[in-house]
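Residue numbers (our numbering), protein chains in the order written: chain A, 82 to 397; chain B, 82 to 397.
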């Protein structure tokens, strides 16, 4: 029934932190880590790898940087079953600021890039591989990429050494049929690589689209607890784990940590299905306008937002 | 691009009323009606047809009964473009209490039944057809029906005069692959009939499953504004309409009525994606235990609910 090659990646702290500048307490991160350990999750993405010179610690919490001393503080004293991942954005991390794998608790680095950054991403990814990490490249916002550019990027990626390439629906714009089409395209263009999927939930399709990807042979699956993440959030990890038939997974630890750590955050930040996020998803736009609206004191004035971002031809 | 046979049915008042005993103001129902008119929605299900002797008006709002005088009060003074529907439950309406179509503003009656009630449903449905209505039979909770019982029910339905038969995922238990399989089965067993779909959103799959049904040729599609409905709610109408490519549909009137009428209700009743509803969906159970938990003062104690409804073998 289950496919042993499937790996589940929890993005709670990394993607959720986009909503609160990674201002999670140590207790929050430690409890998520323990839950991932207990639930059989394969990877926990604990934050971003960023150069300390690129951002201020006065503004950003520790998981914008993933310094080893911060990681040690939250994972110490417990057997480490889940592997740890950090994301690296092109231009926000210097090669020299990345520690050797032998000096880090991180197991995997995921390099996020837009299509025009593929060459830079491959260079950074190779550097991380040479330092000893498992590495992925996550090609973002492909819903806005034309066919020729996409084919060129996939061709470049097919020639690199990076073994795992992610299909990312950054804007929550894809329907399952799009995921079918693109999963097949990625598998054909990258026959020697493993494909991953990261979805956003603007149209309540993150879980459904992840299932579509699974059916098409995609094996690295991103989710987050209760879907916490930027804007409409991600594929809910508890739904994904309850769907997968691999007996190594357990749902109860995820329910426990949602109760103790995530539900309190629902009262402080607004991720999930809200009409402004739905509208940018339908329009295939970056969610920044919706996030600004949701952070304003006019967040329930959704008709104003509709009128602001639509034209007479795209959505009526 | 679009399929002209597709009809969209708004269930906001009927299914949403399951959460507040149909205690909607006239202004609420009138505004939803106006929005459906403006948005090009094909049918608005305004409530249930019930005998006045079966329920008390002290407890239930007018849309539990759909008396003509109540309907007239909310639809008067505006050109009626959207057709009106009411649902009839077996055993809660006497034949004699159903008015002739010529004396009613209702256009359609949808007869809801469980599999063991199919004969009674056919009798009631034929009675409604003979009184002049468009009629559907909505076979509920098929996720709990065994193959032999389902085939027998579909065989009975294939021989009746009712032209439209609904596939209903009452518990929000189905994945899109289930909808694929069942849509094909309904289409094969009922080649002369139109098939409809009504989904619940316990696993955030109501919209995705509705799309799966569309792909398989299902033509009557249920949704509700912002997904309002029992428990986890329904397929969000605004998502469905933004997906369909028929230029007769408009999204903006739906956004306006969500702002003015639905968002205020989000502060009073808890429909949508909550963990108790997710758990009953995964377990393929009626949501009543989850609804009771959500109405208690312990609604955020979701681990207790998990422990209460699961066993050591069904979800761990």
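In this text, a Cβ means the ideal position worked out from N, Cα and C, and glycines have one as well.
Cβ of residue i less than 9 angstroms from any chain B Cβ?
i, result
"residue 116 of chain A", "no"
"residue 109 of chain A", "no"
"residue 97 of chain A", "no"
"residue 430 of chain A", "Summary: the structure shown does not reach residue 430 of chain A, with chain A confined to residues 82 through 397, and so no result is reported for it."
"residue 282 of chain A", "yes"
"residue 363 of chain A", "yes"
"residue 403 of chain A", "Because chain A spans 82 through 397 in this model, residue 403 of chain A falls outside it and cannot be assessed."
"residue 391 of chain A", "yes"
Of all Cβ atoms in chain A, is any one closer than 9 angstroms to the Cβ of residue i?
i, result
"residue 84 of chain B", "no"
"residue 323 of chain B", "yes"
"residue 320 of chain B", "yes"
"residue 339 of chain B", "yes"
"residue 252 of chain B", "no"
"residue 179 of chain B", "no"
"residue 359 of chain B", "yes"
"residue 327 of chain B", "no"
"residue 403 of chain B", "No information on residue 403 of chain B is available, as it lies outside the stretch 82 to 397 that chain B covers here."
Of the residues the options, which one's Cα is nearest the Cα of residue i?
i, options, result
"residue 131 of chain A", "A:206, A:330, A:148, A:200", "A:148"
"residue 335 of chain A", "A:112, A:98, A:223, A:84", "A:112"
"residue 259 of chain B", "B:189, B:198, B:287", "B:287"
"residue 346 of chain B", "B:97, B:330, B:276, B:391", "B:97"
"residue 99 of chain A", "A:310, A:124, A:90", "A:310"
"residue 352 of chain B", "B:364, B:219, B:373", "B:373"
"residue 386 of chain A", "A:360, A:125, A:196", "A:360"
"residue 218 of chain B", "B:344, B:167, B:101", "B:167"
"residue 226 of chain A", "A:248, A:292, A:179, A:329", "A:248"
"residue 341 of chain B", "A:354, A:382, A:367", "A:382"
"residue 144 of chain A", "A:299, A:95, A:137", "A:95"
"residue 242 of chain A", "A:378, A:316, A:207", "A:207"
"residue 362 of chain B", "B:222, B:110, B:284", "B:284"
"residue 240 of chain A", "A:263, A:257, A:203, A:222", "A:203"
"residue 313 of chain A", "A:339, A:300, A:325, A:253", "A:253"
Starting from residue i, find everything on chain B with Cβ-Cβ shorter than 7 angstroms and list it in chain order.
i, result
"residue 292 of chain A", "256, 257"
"residue 286 of chain A", "288, 289"
"residue 396 of chain A", "323, 332"
Can you have a look at residue i and say buried or exposed, based on whether 16 or more other CB atoms are within 10 angstroms of its CB?
i, result
"residue 357 of chain B", "buried"
"residue 320 of chain B", "buried"
"residue 348 of chain A", "exposed"
"residue 388 of chain A", "exposed"
"residue 297 of chain B", "buried"
"residue 211 of chain A", "exposed"
"residue 177 of chain B", "exposed"
"residue 236 of chain B", "exposed"
"residue 272 of chain B", "exposed"
"residue 153 of chain B", "exposed"
"residue 108 of chain A", "exposed"
"residue 91 of chain A", "buried"
"residue 205 of chain B", "buried"
"residue 128 of chain B", "buried"
"residue 327 of chain A", "exposed"
"residue 185 of chain B", "buried"
"residue 393 of chain A", "exposed"
"residue 187 of chain A", "buried"
"residue 330 of chain B", "buried"
Is any heavy atom in the ligand ATP found nearer than 8 angstroms to the beta carbon of residue i?
i, result
"residue 210 of chain A", "For the ligand ATP, the structure offers nothing, since it holds no ligand at all."
Show which residues of chain B have a CB atom less than 8 angstroms away from the CB atom of residue i.
i, result
"residue 381 of chain A", "340, 344"
Along chain B, which residues have their Cβ under 9 angstroms away from the Cβ of residue i?
i, result
"residue 356 of chain A", "307, 319, 336, 339, 340, 344"
Mind pulling the chain A residues with CB within less than 8 angstroms of residue i?
i, result
"residue 384 of chain B", "333, 336, 337, 340"
Which bits of chain A does residue i rub up against, with CB to CB less than 7 angstroms?
i, result
"residue 176 of chain B", "What residue 176 of chain B touches in chain A: nothing, since even the nearest Cβ is about 40 angstroms away."
Report, in whole angstroms, the separation of the C-beta atoms of residue i and residue j, which I expect to be a contact under 8 angstroms.
i, j, result
"residue 105 of chain B", "residue 142 of chain B", "6 angstroms"
"residue 193 of chain B", "residue 230 of chain B", "Their Cβ separation, rounded to whole angstroms, is 17 angstroms, which puts residue 193 of chain B and residue 230 of chain B out of contact at 8 angstroms."
"residue 234 of chain B", "residue 196 of chain B", "5 angstroms"
"residue 364 of chain A", "residue 332 of chain B", "11 angstroms between Cβ atoms; not a contact."
"residue 302 of chain B", "residue 122 of chain B", "That belief does not hold up - the Cβ atoms of residue 302 of chain B and residue 122 of chain B are roughly 10 angstroms apart, past 8 angstroms."
"residue 281 of chain A", "residue 251 of chain A", "6 angstroms"
"residue 276 of chain A", "residue 295 of chain A", "With a Cβ gap of about 11 angstroms, residue 276 of chain A and residue 295 of chain A do not count as contacting."
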